[in-house]
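Just so you know, the sequence shown maps onto residues 9 to 394 in our numbering. Since the structure comes first, as structure tokens, the remarks are kept for the end.
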Amino acid sequence: MKKVGLVSVRNYNYGSILQAYALQQELFAAGVDNELIYYKKRNVVKQALRIFNLPLLMAKMKDVWRVIEGKTNPKLKPIISGRNRAFSNFLKDNFVFTPCLSGRKQLIDYTKKFDAFILGSDQVWNPMLLGGDYYTLTWVDSRRPKVTYASSFGVSEIPASQVKKTKEYLSRFNMISVREEQGAEIVEKLTRKKAEVCCDPTVLTDRKRWDELSGDCPFVSEKYIFCYFIGNNPSQREFAKKLAQKTGCKILAVKHIDEYIKSDDDFGDIDYLEVGPKEFVNFIRYATYVCTDSFHGTIFSIMYNKNFFTFMRFSDSQKSSMNSRVKNILSIVGLSNRLFENSITPEAALAYQVDWSDVNKRLNDFRKSSREYFERAIICLKGTQE
């Protein structure tokens with residue numbers, strides 16, 4: 009049996025790595041031998057032209073600034089180095105990769121060994137990544153089966169300047185599933201194809217996998233509030249501090265995620281430096297409360313029936329807003345009231361009650377319909393293998 013090429017995000021981000029891990033494991037469980045493609049771009053001219061993509065440029069500047077801060081800020085250096093070490097070890101121990109493919113030619117030559125391809129979840133189709141032309145799979149022979157599983161645009165609307173190219177690459181896929189309703193609307197509008205809305209791979213896989221990964225014992229013995237804030241919103245940190253005062257819990261925070269954030273410097277009571285994907289799941293699993301502005305922070309809180317508080321990272325008026333993905337999953341499980349404005353008080357937030365039996369049923373129904381799509385996608389992938 010020949011292998012399937014898995015194309016997915018693999019940067020050091022908790023949600024990105026965990027969804028890629030879940031999808032690869034589900035493929036193996038379904039009898040699909042696969043490798044996660046490890047690709048590095050080399051086209052200097054194309055990469056230089058991407059400086060005119062303002063949102064991407066700003067994101068890259070944040071990365072540069074974080075590297076600088078990581079080397080010069082004595083508070084930040086152990087956090088960044090410890091986190092990178094934990095991620096590196098997790099990837100080494102838990103993934104099956106291709107060799108590092110440097111440049112388009114190596115990518116095309118090596119991946120000729122694959123008979124089919126699957127594009128994973130997370131924001132693979134975010135408009136600011138279009139210039140990289142990787143997650144479009146335009147480099148794959150048009151005759152080879154190509155399916156997607158819960159792929160995400162991360163936004164509610166495609167910029168007018170990208171409509172034509174987006175329509176072209178979407179039309180090449182044999183089967184398409186997306187992570188959000190807004191994504192399904194984009195696909196249908198541009199291609200007239202019906203895209204199925206499927207749950208994130210972290211939900212598709214059985215929770216037993218996360219229990220096994222995170223371990224039977226909490227890494228922190230005290231009662232704590234797990235805080236996973238990516239955005240630079242100091243008021244959300246203040247909410248967590250007030251919640252800690254009210255409940256007597258300590259704050260365990262993962263800090264400086266996408267950029268250096270000043271309000272993170274003195275935030276939190278418990279220092280845990282080597283926080284990798286395994287630790288991330290463990291922290292949510294055993295938390296008393298969870299405060300987050302993250303999609304995957306919300307997902308794992310739902311799966312573990314945590315008393316959680318999700319905040320909007322962006323204003324809905326921002327063109328780069330990614331609120332839709334969080335709103336979508338909360339709506340599906342009937343928890344739209346768990347998305348809070350920054351002005352909410354701990355007293356008001358704690359007053360919201362959750363019927364977890366109803367939530368779990370909704371989530372299981374979503375998982376069941378998603379698995380039906382996944383099984384059809386597997387048939388498509390195996391079509392040329394047997």
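Yeah, the Cβ is synthetic: ideal placement off N, Cα and C, and Gly gets one too.
Where the beta strand (DSSP E) containing residue i begins and where it ends
| i | result |
| --- | --- |
| GLU43 | 42-44 |
| LEU14 | 12-15 |
| VAL155 | 154-156 |
| THR300 | 297-300 |
| PHE125 | 124-127 |
| LYS258 | 258-262 |
Residue i, buried or exposed, once every other Cβ within 10 Å from all chains shown has been counted against 16
| i | result |
| --- | --- |
| SER332 | buried |
| ASP208 | buried |
| CYS257 | buried |
| THR106 | buried |
| ALA56 | Any reading at ALA56 needs caution, since the residue's pLDDT is 43, under 50, leaving its predicted position unreliable; the model's value is listed next. Classification for ALA56: exposed. |
| GLN170 | exposed |
| GLY391 | exposed |
| THR210 | buried |
| LEU26 | buried |
| ASN42 | buried |
| TYR268 | buried |
| LEU221 | buried |
| TYR294 | buried |
| ARG151 | exposed |
| PHE272 | Correcting the residue type first, residue 272 is Asp in the shown sequence and not Phe. It counts as buried. |
| ILE59 | Annotation note: pLDDT 45 at ILE59 (below 50); position unreliable, coordinate value reported separately. By the 10 Å Cβ count, ILE59 comes out exposed. |
| PHE98 | buried |
Spatial neighbours of residue i in its chain, beta-carbon cut-off 6 Å, leaving aside the 5 residues before and after
| i | result |
| --- | --- |
| SER344 | LEU338 |
| GLU355 | none |
| PHE275 | ARG245, ALA261 |
| GLY13 | ILE45, THR119, PHE122, PHE125 |
Proximal residues to residue i (C-beta, below 7 Å), its chain only, five neighbours per side dropped
| i | result |
| --- | --- |
| ILE386 | ALA38, VAL40 |
| CYS108 | TYR46, LYS48 |
| THR213 | ALA30, GLN33, GLU34 |
| ILE116 | TRP147 |
Three-state class that DSSP yields for residue i in the structure shown
| i | result |
| --- | --- |
| CYS235 | strand |
| ALA359 | coil |
| ARG375 | helix |
| MET183 | strand |
| VAL163 | coil |
| ASN313 | coil |
| CYS388 | helix |
| SER110 | strand |
| GLU176 | helix |
| TYR118 | helix |
Start and end residues, alpha helix (DSSP H) containing residue i
| i | result |
| --- | --- |
| LEU26 | 22-37 |
| LEU338 | 331-340 |
| ASN92 | 85-102 |
| LEU221 | 215-222 |
| PHE291 | 285-293 |
Same chain, Cβ closer than 8 Å to residue i, five either side skipped, listed in chain order
| i | result |
| --- | --- |
| GLU383 | ALA38 |
| PHE95 | TYR20, ILE25, GLY284, PRO285 |
is_contact[residue i, chain D] using C-beta, thresh 7 Å
| i | result |
| --- | --- |
| ASP101 | Judged by its chain identifiers, the structure shown contains no chain D, having just a single protein chain. |
Cβ contact check for the region 218-232 and the region 281-294: 3 or more pairs under 8 Å: yes
Cβ pair count under 8 Å reaching 3, the region 15-31 against the region 293-301: no
Touching by the beta-carbon criterion (3+ pairs, under 8 Å), the region 123-136 and the region 155-164: yes
Touching by the beta-carbon criterion (3+ pairs, under 8 Å), the region 180-188 and the region 199-206: yes
Inter-stretch contact at 8 Å, needing at least 3 Cβ pairs: the region 236-255 / the region 313-323: By the criterion of at least three beta-carbon pairs nearer than 8 Å, the region 236-255 is in contact with the region 313-323.
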